[in-house]
Structures are given as structure tokens and as C-alpha cells.
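One structure is given below, encoded as C-alpha cells.
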Amino acid sequence: MSVPESFDNALPATRVSDLARVRGPDYLEGLNPEQRAAVEATEGPVLVLAGAGTGKTRVLTTRLAHILATGRAKPWELLVVTFTNKAAREMRERITHIIGPAAEGLRWLGTFHSVAAQILRRNAELVGLKSNFTILDTDDQERLIKQVLEAENVDAKRWTPKAMAGLIDHWKNRGWTPDRLPPSEGTEFAGGKGQTLYRLYQERLRVLNACDFGDLLLHNLTIFMNNPDVLADFHERFKYVLVDEYQDTNVAQYLWLRLLAQKRQNVCCVGDDDQSIYGWRGAEVDNILRFERDFPGATVIRLERNYRSTSHILAAASGLIKANKGRLGKTLWTESNDGEKVIVRGVWDGEAESRLIAEEIERAKKGGTEKEPRKFRDMAILVRASFQMRAFEERFVMLQIPYTVVGGPRFFERAEIRDVHAYLRLIQSPDDDLAFERIVNVPKRGIGDTTVQKLLHIARVGGVPVMHAARQAVQTDELAARTRTALSNFLRDLDRWRAQAQTLHHSRLTEQVLEASGYTDALRLDKTPTAQTRLENLKELVQSMG
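If you want it as C-alpha cells, here you go:
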């Protein structure tokens, strides 16, 4: 929300400078000594190492309120960045609860990308854009990349727009423009054309007055480094910088923060190196580990009192994490009771694990002489990755244990698993039209929707399966030569796999299909965060076949 410079006059009853007198120190009540130290250490660089369950969000919001209530800054002089829109909304709501209408002036509170977009719109002409530029979504980005690939005579079926988009996102997360791309990058894509395609894509974006998500921060970096006067203006504007989840910042976000905080150095970063789990999407835990080198003389405050877990759980967690090398170190403790002990059991594989857990669930459901019966809804299973759910789901279905998968589709409902099932169904039953339609162009092999619709029409008119219609079509001139070749190759592959099915174990047959069809190769080239997970899901599926 845009707030006028006459904000104090617009809200005379809640002048920022009067907030301390109006509300007093009530907002500090209930803080433990470490939390209060983190709130009141307003000047200079501060790193708050906040362990899980230690009241991190309360510290951040109370620190903001304290800066405003003591008149150190006005709301529009604070830069506050979070990682999600949900976190930004929650923080704004909490601050509003503490300081009232003055929170409306926090115009620079938001995610990294939302704040960067504001800065870019004010300075768009410095990177060849207009202030009303469009931010492309994923579909538009891939469509534009496809145009670039076709213009450069790159086979978009082998070198997919999605794979190229993943590469570009990776480069932008590292803060690399086409001109700053290291020589080793992009050499494996399209015969070494990665850098050229990246540059052409960026030029097309400028012509369209558009940018993608990664450009928001990348253009900010370019503006700041090439225009010292613009950076100096934001140095004057932002008296305090606050950052949430600092351990999850990538290189571009890190550079952006360093540039904005380098003059005043009133920067407070809250995070926990022990909770850095987003390395797969570019996060650099080293950002938090080197904070004291980046900001000499920084104050480091550890929030170690846990309000969420029992002492047994904390002891088990601490015993695991202390093996990590290079961590900043902290020891979580709690005044809560010991609670039940953490039980560790070793098993040979996922099948044995699912069997053991299912037995434990059934015992808990029945209860016993010492324990009350538990309800299914009182029990939860946490897994490291989605592919590990497969064994549990199979076991629960077998034992008729009701379950719900939270945070994603069930294992056998995932797109890649359903694709494999469609392949195997079509090998077993050539008349399975639904299976044919699903995988005839998965991975992309040049058989588009128009061709599929034509085959479906031939099948309907002739009253034959689509597979039969496809075999007819490749013998005529109804399809373009390139499409006929692609369809003929697909039919030949199916015939070969059908013959192999007579002698190969189904796990080996599945591996053959995934490799020969190009399915796994397409995922290996895909640099998006979900590609590796999908590969792991496929590996788990093959392993489950024995």
C-alpha cells in the first residue's frame, strides 16, 4: 500500500514517534532474556540464530514494533523480506495487532520478489524496460523459450523448453546474466548453445517489455551495480533491514541484501543453519555461516529455549544435528516434561519399515492395559521424500488402514507413475485407447494434439482401436512425413517391448521402457526442482516390482 510522506499527520492519534508513550512497553512482556536481547539490539548487524520452536516469528514482529514504537524509523523506512506471501501476511497482521494503523505504512514488507518488483518498476528504464512490464508465468516463459529454440533450429523435442527454463532459473538464482555466465555453464545444452539461447531469450523479453520471476532480482542487481546513485537512494531510504529464514537465501538474494545493507549495516537476519533444506533449489547455507565475516562486529544472539517439543525429542534431534560440519552451533532446551522416549528401530528396507509401522499403528489403535486406544487421526508418518510413501500406501491398502496424504498426491496418482502404468497397460493391451492417448507423445516425440485428434477420428469412424488407426495412418499420406516417422518409431518400440514382455521380468521391462522411450533422459535434462523427485519416484516404483 502506498503511504503519503505526511503519514504522521494523516494519523495524529497514532504518530509513530508517540507509539512508545501510547502503548508503553507492553509488547516486550513475556519475552525471555534472549528474545528480548534480539528485539532491543537495533543498531548494527545482528544475526539471530533461532532454533525450531524458539519463537522466531514473535521476535521478528516485536523487533519491528520496537523500532517503530521508539521512533527510530518510520514504517516506510523499513525493509522487511520473507520467503512466502503467507509469512508476509502473518507478519503484517501481528505487527498491526501490536502497533495499530501505523503498520499500514510498511510498504516495503513482502517477499524478496515482491519487493524487488517494486524497485524494478521505479527503475525499469535502466534495464531497457518500461514501468508497466509484464511478469511471465511458467507457461508463458516456456512458450517464449520454445520460440527461441525454433528460431535457432534447436530440436525442442530433445532440448525441451522446460529444461531450458530450469537452466535459466538456476543461472539467475546464481546472479548470472548471459554476459556473466561462466564458460563451463550451458555447454551440455543443445550442443553448447546454452549461453546464446539465454542471451536471445533475454533480448526477446526486453522486446516484449516482460521479465520472468528470476529477472526481478537479477535486474535489481544490474541496476544497483551499474547505477550507484540509485543504490545510494535506497541506502538513504532504508534505515533498517530485517530478513526472515536467512538460511534459505540463494546467491542472488544474498547479493541483493548485501548491496542494500552495506552502508548503514542496520541489518538483522533471522535463521537457523540447522534448518537449511532448500539447497536443491539454490539456497546457500554458507550465507548464514559467513554472516560474521560479511558484517564484522556483528552481534550473534542464540534463541535456544524451545516451546514446542519435549526434552526427549530435543535430545534426539540435537544428537543427530551435532554431526553436521561447519554449523554455528546451539543447544536447544525446554522446561517441558520429558515426554515419551524416542524409539529408533532399524529395518532392511522400505517394505520391512512399512510392515513395522503398520503393526505399531494397529497396536496403538487397539490400546492395551497401560495405554488408551488411539484414533487413526491421532497418528502421522513423516517421510523425507514423496517416493518413500509408496510402501506405506500399499501396506495400508492391504490392511484397510485409512490414510490421507498431506502435501501432495498419492504415490500411484503422480503423473510419472501413471505414465509408466499407461505404457505397461498398452504393452499388455494394445486396444487400451486411454493408455495410448496418454503416452503417445510422452516424452515429446513430435506427435502433437492435432495428430492425436486425427487418429481418434479415424478410430471412431472405422470402429477400431486407436492403435489400429495409427498403424493405418502411417501407411498413408494423411500425416506429415515427420509425424509418420515419429509415429512409426513409437509403434515399433511398442512391438519390441511387447515381445520382450514374454521373457523379461516386469521390473526390467519397465527399466527398458523408461530408457528406450527417452523418459528418464528427459527428466535428467530437466533442471526444475521436481525433476529429481520424479526420477526417485520412478526408481522406487521399479524397486517395488522386485
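Just so we're aligned: the sequence shown equals residues 31 to 576 in my numbering. Glycine included, C-beta positions come from ideal geometry on N, C-alpha and C.
Spatial neighbours of residue i within its chain, please: CB distance less than 6 Å, with the 5 preceding and 5 following residues excluded, ordered by chain position.
i, result
"Val-78", "Ala-68, Val-300 and Ile-331"
"Arg-609", "Beyond the ends of the chain as shown, which are 31 and 576, falls residue 609; an answer cannot be given."
"Arg-338", "Gly-83"
"Leu-166", "Ala-240 and Asp-242"
"Arg-53", "Because the pLDDT of Arg-53 is 43, which lies under 50, any placement of that residue in the model is unreliable, and the number read from its coordinates should be weighed accordingly. Result list for Arg-53: empty, nothing under 6 Å."
"Phe-417", "Glu-566, Asn-567 and Glu-570"
"His-96", "Val-69"
Where DSSP assigns a beta bridge to residue i, which residues make up the other side?
i, result
"Ile-331", "Val-78"
"Gly-140", "Val-111"
"Tyr-270", "Leu-108"
"Thr-164", "Ala-240"
"Trp-363", "Arg-335"
Is residue i helix, strand or coil by DSSP?
i, result
"Val-184", "coil"
"Glu-237", "A quick correction: the sequence has Val, not Glu, at residue 237. The answer is helix: DSSP assigns Val-237 an H, G or I state."
"Thr-560", "helix"
"Asn-519", "helix"
"Gly-301", "strand"
"Trp-201", "helix"
"Ile-391", "helix"
"Thr-217", "coil"
"Ile-477", "coil"
"Asn-354", "coil"
"Asn-62", "coil"
"Asn-280", "strand"
"Trp-206", "coil"
"Gly-54", "Caution is warranted here: a pLDDT of 42 is assigned to Gly-54, below 50, making its placement in the model unreliable, and the coordinate value is therefore given only provisionally. In the structure shown, Gly-54 sits in coil (DSSP, three-state: anything other than H, G, I, E or B)."
"Ala-43", "Confidence at Ala-43 is low in this model, with a pLDDT of 35, below 50, so the placement of that residue should be treated as unreliable; the coordinate-derived value is given next. DSSP places Ala-43 in helix when its eight states are reduced to three."
"Thr-72", "coil"
Need the endpoints of the alpha helix (DSSP H) that residue i sits in, please.
i, result
"Gly-349", "341 to 351"
"Tyr-453", "445 to 458"
"Gly-244", "243 to 256"
"Tyr-549", "549 to 555"
"Asn-470", "Looking at the sequence provided, one finds Val at residue 470 rather than Asn. Per DSSP, Val-470 belongs to no alpha helix (DSSP H) and is neither H nor E."
"Met-575", "From DSSP, Met-575 is part of no alpha helix (DSSP H); its letter is neither H nor E."
"Met-419", "419 to 429"
"His-536", "536 to 546"
"Asp-324", "321 to 324"
"Gln-502", "496 to 503"
"Lys-86", "86 to 99"
Cα separation between residue i and residue j?
i, j, result
"Glu-541", "Leu-350", "36 Å"
"Thr-87", "Met-428", "43 Å"
"Gly-216", "Lys-223", "7 Å"
"Ala-415", "Arg-385", "18 Å"
"Val-11", "Lys-569", "What the structure shows of the chain is the stretch from 31 to 576, and residue 11 is not part of that stretch, so it cannot be assessed."
"Ser-574", "Leu-412", "20 Å"
"Ala-132", "Glu-123", "12 Å"
"Leu-227", "Gly-158", "19 Å"
"Glu-526", "Trp-286", "In the sequence on display, residue 526 carries Arg and not Glu. Using only the alpha carbons, I get a separation of about 55 Å."
"Glu-322", "Val-76", "9 Å"
"Asn-336", "Trp-363", "6 Å"
"Ile-318", "Asp-278", "9 Å"
"His-536", "Arg-448", "16 Å"
What does a CB cutoff of less than 8 Å around residue i pick up in its chain, not counting 5 residues either side in sequence?
i, result
"Met-121", "Thr-87, Leu-90, Thr-91, Leu-94, Val-110, Thr-112, Leu-139 and Asp-274"
"Ala-181", "Leu-230"
"Glu-155", "Ser-161"
Identify, in the order they occur along the chain, each residue of the same chain with its Cβ nearer than 7 Å to the Cβ of residue i, setting aside the five sequence neighbours on each side.
i, result
"Ile-488", "Ala-499, Gln-502 and Ala-503"
"Arg-475", "Lys-187, Ala-516 and Phe-520"
"Leu-577", "Outside the modelled stretch of the chain, which goes from 31 to 576, sits residue 577, for which no answer is possible."
"Thr-513", "Gly-476, Ile-477 and Thr-481"
Does the beta carbon of residue i sit closer than 7 Å to a beta carbon anywhere in chain B?
i, result
"Thr-506", "This model lacks chain B altogether, as it is built from one protein chain only."
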